[in-house]
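Chemist: One structure follows; several queries about it will come next.
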């Protein structure tokens, strides 16, 4: 479907004309214990607080109200686990029962409104149940990736100071079982704060030893508990803390409030994704990331949709067709994943033969986010699926999309390489170094005029001053995204790179993202990264690292010569692009973001810290060998 942008234009203009009226109308889709009279208090917090006089319970909105309205028999969560060979469906009624019981178990162990609970889980239904059980009590959950290193987990325990930790005994990766409990024990030993209790979900692949007096069996505690009712909280009370890496080494605790979060996510589902009650959404992410919080757990359930919770990988569990199998088997309407997953599928199945084995007639659109999607990847999967492929842009801090295309407002023509147009609620501008908006079409630092809309972080956990230093001090009156890009004449937003991925070549500021776009267009390249490395003459020069598609037999030297020529032809000699190297793989976070800053430090011969979110630390040793001596 390609429609005019008139519906979108009207919606965006309505928000611009009357922001309070726009969000008041959106708030009517949520059940309130006390509905908001005031929409925004501009004097509260670092930039204002949404729905300051309202009260609600997020778990009631995500679970109980659907049971009360007669939808208890509908599937709420489909757990699809190629790692275990299991597939289970949990109805809204069954979810309500389990969440109420786990909330009762937490309440019996002293957890109440405002208390923190750390959740350290793999992709199993209990991860979502844990989050919802905390929300039911008004407690604040902080999800940490299952398998996260002990020191990083300890830092989060020390900062959040949880009363209880909810954990699994292990997680599953292709070919191995990752024991979580030893990591958790080490983290608690390192942390100055000690939780009162640890509830452990024992998985059959590897049971954990329980420490007497502190640890308990999750299933036994849940079974013995009396169900807990929903506890209304202030709309401005925190729902969760999600930690993201900080430049100081201390993680930043992104806070999400209850009211603004519920309103924004419910509003986004129909507007952006075209998903309504009873529809099936498959978000291939992890609950440890913001994407998992927003579009595996909360947004689908707030909507009354069905969410697929997937424990597996885009390739290797068992093959590059697993995503298409999930979509066909469960009747998925909208799928959401990261561009790196599509590149992995393209690498292993470059002709897309596995797609033909599955009936994707019910799939209406594929959404991509997490990092910029290079146009060749978007074009490849679009041609393969013959469905809309929608790249959209947002951040952990915003909690929902800053920009996108809008299935609920009539899709406007897609432009691969762009993240679409600004969502109603966001005034996005490219700023110059002095913080002044640039003319349309000129590149700068992308920023959002304050106040941020509902659903975005109101602050950092117990750190208002750090919030200001991190996000608003550079450009007063604006939220600094730290992304570099362009807003064109028609309002399309293109994010080219993080601002620290802009390289300075002999005085010319160049985007590594633009060069990556060129490299990715080569028919033999599956994925790539460009980093700036030190050069004694030019300051920095770009280095291209490419992973080839499966089955490529051409000589690597010939491919690298092609790539140098492509960049010279499409960007020009000013790019000084003279070096490309073929590598077997690139270092990434578990969400699929390529660790460009780490690659740059390795290439420059600088000391680096192994990022806590890295998928496989062993790859950094490989990179040291590849990049040794490239800086000049």
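Numbering (this note's numbering), first residue to last: 1494 to 2125. Ideal Cβ positions, reconstructed from N, Cα and C, are used throughout, including at glycine.
(1) Kindly indicate which three-state DSSP category residue 1664 falls into: helix, strand or coil?
(2) Does DSSP put residue 2054 in a helix, a strand or coil?
(3) Taking Cβ positions, are residue 1693 and residue 1674 nearer each other than 8 Å?
(4) Unbroken beta strand (DSSP E) runs of length 3 or more, entirely within the segment 2000-2078: which are they?
(5) Please return the same chain residues whose Cβ sits closer than 8 Å to the Cβ of residue 1810, not counting the five positions on each side in sequence.
(6) Which word fits residue 2133, buried or exposed, when buried means at least 16 other C-beta atoms lie within 10 angstroms of its C-beta?
(7) Just curious, the beta strand (DSSP E) that residue 1481 is in, first and last residue?
(8) Give me the residue from 1878, 1886, 2016 with the minimum Cα distance to residue 2043.
(9) Look up residue 1571 in the DSSP assignment and give the residues it is bridged to.
(10) To the nearest angstrom, how far is the alpha carbon of residue 1816 from that of residue 1569?
(11) Given a threshold of 16 other Cβ atoms within 10 Å of its Cβ, counted over all protein chains shown, does residue 1551 qualify as buried or as exposed?
(12) Mind reading off the beta-carbon distance from residue 1631 to residue 1726? Whole number of angstroms is fine, and I expect it under 8 Å.
(13) By the three-class DSSP mapping on this structure, what secondary structure does residue 1686 have?
(14) Hey, which unbroken runs of the beta strand (DSSP E) at 3 residues or more fall wholly within the segment 1757-1795?
(15) Keeping to the same chain, check which residues put their C-beta closer than 6 Å to that of residue 1915; ignore five residues upstream and five downstream.
(16) Hey, residue 1987 and residue 1869 are a contact pair by Cβ (cut 8 Å); roughly how many whole angstroms apart?
(17) List in chain order: all unbroken alpha helix (DSSP H) runs of 4+ residues lying wholly within the segment 1829-1901.
(18) Residue 1542 to residue 2072, Cα distance in whole Å?
(19) With DSSP as the reference, please indicate the residues paired to residue 1737 in a beta bridge.
(20) Where does residue 1604 land, buried or exposed, given buried means 16+ other C-beta within 10 angstroms?
(21) In this structure, how does DSSP classify residue 1674 when only helix, strand and coil are distinguished?
(22) Whether or not the segment 2080-2099 and the segment 2020-2028 are in contact is what I'm after, with contact meaning three or more pairs of Cβ atoms, one per stretch, closer than 8 Å; do they touch?
(23) Under 8 Å between the Cβ atoms of residue 1695 and residue 1670?
(24) How many Å lie between residue 1792 and residue 1629 at the Cα?
(25) Can you give me the C-alpha to C-alpha distance between residue 1977 and residue 1888, rounded to a whole angstrom?
(26) Tell me the residue span of the beta strand (DSSP E) that contains residue 1976.
(27) DSSP puts residue 1922 in a beta bridge; with which residues?
(28) In three-state DSSP terms, what is residue 1727?
(29) By the 10 Å Cβ neighbour count, where 16 or more other Cβ atoms means buried, how is residue 2011 classified, buried or exposed?
(30) Contact between the segment 1776-1784 and the segment 1840-1849: three or more CB pairs below 8 Å?
(31) Compute the Euclidean distance between the alpha carbons of residue 1708 and residue 1633, then round it to the nearest angstrom.
(32) Straight-line CA distance for residue 1495 to residue 1774?
(33) CA-CA distance, residue 1559 and residue 1759?
(34) Report buried or exposed for residue 1566, applying the criterion of at least 16 other Cβ atoms within 10 angstroms of its Cβ.
(35) Who pairs with residue 2082 in a beta bridge, going by DSSP?
(36) Taking only three categories from DSSP, how would you classify residue 1825?
Modeler: Working from what's here:
(1) Residue mapping note: residue 1664 aligns to position 171 of the chain shown, counting from 1. In this structure, residue 1664 counts as strand in the three-state DSSP scheme.
(2) Counting from one through the chain shown, the residue named residue 2054 turns up at place 561. It is helical.
(3) Translated into the one-based positions of the chain shown, residue 1693 becomes position 200. Translated into the one-based positions of the chain shown, residue 1674 becomes position 181. Result yes, Cβ atoms of residue 1693 and residue 1674 sit closer than 8 Å.
(4) 2001-2004, 2018-2028, 2032-2041, 2073-2075
(5) Locating residue 1810 in the chain shown gives position 317, counting from the first residue. Here residue 1810 has 1575, 1576, 1667 as same chain residues with Cβ atoms under 8 Å from its own Cβ, once five neighbours each way along the sequence are excluded.
(6) Nothing can be reported for residue 2133: it is not among the residues displayed for the chain, which extend from 1494 to 2125.
(7) Residue 1481 lies beyond the stretch modelled for the chain, which goes from 1494 to 2125, so this question has no answer here.
(8) By one-based count along the chain shown, residue 2043 stands at place 550. Of the candidates 1878, 1886, 2016, the one whose C-alpha sits nearest the C-alpha of residue 2043 is 2016.
(9) As a position in the chain shown, residue 1571 is number 78, starting the count at 1. Answer by DSSP bridge pairing, in chain order: 1582, 1801.
(10) Translated into the one-based positions of the chain shown, residue 1816 becomes position 323. Translated into the one-based positions of the chain shown, residue 1569 becomes position 76. For residue 1816 and residue 1569, the distance between alpha carbons rounds to 19 Å.
(11) As a first step, residue 1551 is located in the chain shown; it is residue number 58 there, counting from the start. Looking at its Cβ environment, which holds 16 or more other Cβ atoms inside 10 Å, residue 1551 is buried.
(12) Position 138 of the chain shown, counted from the first residue, corresponds to residue 1631. Position 233 of the chain shown, counted from the first residue, corresponds to residue 1726. The pair is a contact, with the Cβ atoms about 4 Å apart (cut-off 8 Å).
(13) Locating residue 1686 in the chain shown gives position 193, where the first residue counts as 1. Correct three-state label for residue 1686: coil.
(14) Fully contained in the segment 1757-1795 are the following beta strand (DSSP E) runs of length 3 or more, in chain order: 1773-1776.
(15) To locate residue 1915, count along the chain shown from 1; it is residue 422. Here the set comprises 1896, 1921.
(16) The residue labelled residue 1987 in the question sits at position 494 within the chain shown. The residue labelled residue 1869 in the question sits at position 376 within the chain shown. Rounded, the Cβ-Cβ distance is 15 Å, inconsistent with contact.
(17) 1832-1841, 1868-1878
(18) On the chain shown, position 49 is the one that residue 1542 refers to. On the chain shown, position 579 is the one that residue 2072 refers to. Whole-angstrom Cα-Cα distance: 50 Å.
(19) Indexing the chain shown from 1 puts residue 1737 at position 244. For residue 1737, which the question treats as bridged, DSSP gives the partners 1745.
(20) On the chain shown, position 111 is the one that residue 1604 refers to. Label assigned to residue 1604: buried.
(21) Counting from 1 along the chain shown, the entry for residue 1674 is found at position 181. In the structure shown, residue 1674 adopts helical secondary structure according to DSSP, grouped into three states.
(22) yes
(23) Taking the first residue of the chain shown as 1, we reach residue 1695 at position 202. Taking the first residue of the chain shown as 1, we reach residue 1670 at position 177. No.
(24) Here residue 1792 refers to the residue found at position 299 when the chain shown is read from its first residue. Here residue 1629 refers to the residue found at position 136 when the chain shown is read from its first residue. Cα to Cα, residue 1792 sits roughly 16 Å from residue 1629.
(25) As a working note, residue 1977 is residue 484 in the chain shown. As a working note, residue 1888 is residue 395 in the chain shown. So the two alpha carbons sit approximately 14 Å from each other.
(26) In the chain shown, the residue the question calls residue 1976 occupies position 483. Unbroken beta strand (DSSP E) run through residue 1976: 1971-1980.
(27) Here residue 1922 corresponds to residue number 429 of the chain shown, with the count starting at 1. In the DSSP output, where bridge partners are listed per residue, residue 1922 has 1940.
(28) One-based indexing of the chain shown puts residue 1727 at position 234. In the structure shown, residue 1727 sits in a strand (DSSP, three-state: E or B).
(29) Counting from one through the chain shown, the residue named residue 2011 turns up at place 518. Burial is judged here by how many other beta carbons sit within 10 angstroms of a residue's own beta carbon; residue 2011 has at least 16 and is buried.
(30) no
(31) Counting from 1 along the chain shown, the entry for residue 1708 is found at position 215. Counting from 1 along the chain shown, the entry for residue 1633 is found at position 140. About 20 Å.
(32) To locate residue 1495, count along the chain shown from 1; it is residue 2. To locate residue 1774, count along the chain shown from 1; it is residue 281. Residue placement at residue 1495 is flagged as unreliable, the pLDDT there being 41, under the threshold of 50; a coordinate-derived value is accordingly withheld.
(33) Walking along the chain shown from the start, residue 1559 turns up at place 66. Walking along the chain shown from the start, residue 1759 turns up at place 266. Their backbone Cα atoms lie some 14 Å apart in a straight line.
(34) On the chain shown, position 73 is the one that residue 1566 refers to. Residue 1566 should be labelled exposed.
(35) For the purposes of this step, residue 2082 is taken as residue 589 along the chain shown, with counting starting at 1. 2107.
(36) As a working mapping, residue 1825 is identified with position 332 in the chain shown. Three-state result, residue 1825: coil.
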